[in-house]
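**Student:**
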Amino acid sequence: MELSPARQQAQQLLLGTDNGARPRHVAIILDGNGRWATSRGLSRSEGHRAGGETLTRLLDFFIELRVPSVSLYVFSTENWRRPKTEVKAIWRLMNEFFESRLQLCMDLKIRVMASGDLSRLPTENRRRVERVLEMTRRHKRLTVNFCVNYGSQAEILHAASSVLQLRLQALEQGQHKKAFAPISARELERHLYTYPLPPVDLLVRPGGEWRISNFLLWQSAYAEIYVTDTLWPDFTEQHLVQALLWYQSRKRRFGGL
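The number in our numbering is simply the position in the sequence shown, starting from 1, with 2 added.
1. Within 10 Å of its beta-carbon, does G18 have 16 or more other beta-carbons around it, so buried, or fewer, so exposed?
2. Considering E226, what are the terminal residues of the alpha helix (DSSP H) in which it resides?
3. Candidates Q177, R143, I185: which alpha carbon is nearest M108's?
4. Please give the ranges of any alpha helix (DSSP H) in the region 35–109, keeping only runs that are unbroken, at least 4 residues long and fully inside the region.
5. Using 8 Å as the Cβ pair cut-off and three pairs as the minimum, do the region 199–209 and the region 25–34 touch?
6. So who's on the other strand from I112, going by DSSP bridges?
7. Taking just the CA atoms, how far does Q10 sit from A161?
8. Helix, strand or coil for H27? Go by DSSP, reduced to three states.
9. Restricting to runs no shorter than 3 residues, where is the beta strand (DSSP E) found entirely within the region 162–221?
10. Are the region 144–153 and the region 110–122 touching by the rule of at least three beta carbon pairs closer than 8 Å?
11. Taking all protein chains shown into account, decide if A225 is buried (16 or more other Cβ within 10 angstroms of its Cβ) or exposed.
12. Give me whichever residues DSSP pairs with S154 in a beta bridge.
13. Restricting to Cα atoms, I'd like to know which of A172, H193, R192 is closest to A183.
14. Since S117 sits in a beta bridge, which residues does DSSP pair it with?
15. What does the alpha-carbon distance come out to for the pair E98 and P85?
16. Is the separation between the beta-carbon of Y152 and that of S78 shorter than 8 Å?
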């Protein structure tokens, strides 16, 4: 079968590159679903449905590109402010997505993670997410991390509170040295929702907005940020290849020379 131009370019992109030229962790802000739908006279929920279809098309392509980890900004802690009808539609579509794509994740050996405060999710959504997490937890070809009811500032506060709670327990047990030891970055990272995923190498923002919107602030400290005007439902394999080619053109210094 003849390969699409994007897949041909992907194969060329991988030739002669070492692991250092390929991102270990790509994060994507799934932006533009509502604008995509409005421009076509559709409901915003239809835009979210189209965004889910875009993700489905790209799942096996991430595997082909040998990107081991992908984080997706699905629903933020601020998204609760949207109209109730839209929020309900998002939860309904999320249930449909996890139900219909579970077999695909099983077939492709994709591990599904979820980052965020899942306790606020509707009961049926939380149960479905937890089921998918359990059924895919041993898979290793690709980790897809769905950031649901996620906000990075809340995540960092949650991690800091978790560390503090452990320190208080140490103090109660008379372990004064442990209780008053300086908090290390590694210790805090172990309590982030995304643990044990590596730092974000490439953050992709479709939709043309030049901000990261409270998404993976700690993890993206040295991420390369790629912005495109293309709305998420229109995002294709070719757009993903372009983002990776741009990433490979960057000289990452991490504060050095």
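Using N, Cα and C, we set each Cβ at its ideal position, and we do this for glycine too.
**Tutor:** So, from the data block:
1. Note that G18 scores a pLDDT of 45, beneath 50, so its modelled location is shaky and nothing firm can be said.
2. Element bounds for E226: not the alpha helix (DSSP H) but the beta strand (DSSP E), 226–229.
3. R143
4. 35–40, 46–66
5. yes
6. L144
7. A161 and Q10 have their C-alpha atoms roughly 43 Å apart.
8. strand
9. 204–207
10. Three or more Cβ pairs closer than 8 Å define a contact, and the region 144–153 meets that threshold against the region 110–122.
11. buried
12. Answer is none; S154 lacks a bridge partner.
13. A172
14. C149
15. 20 Å
16. yes
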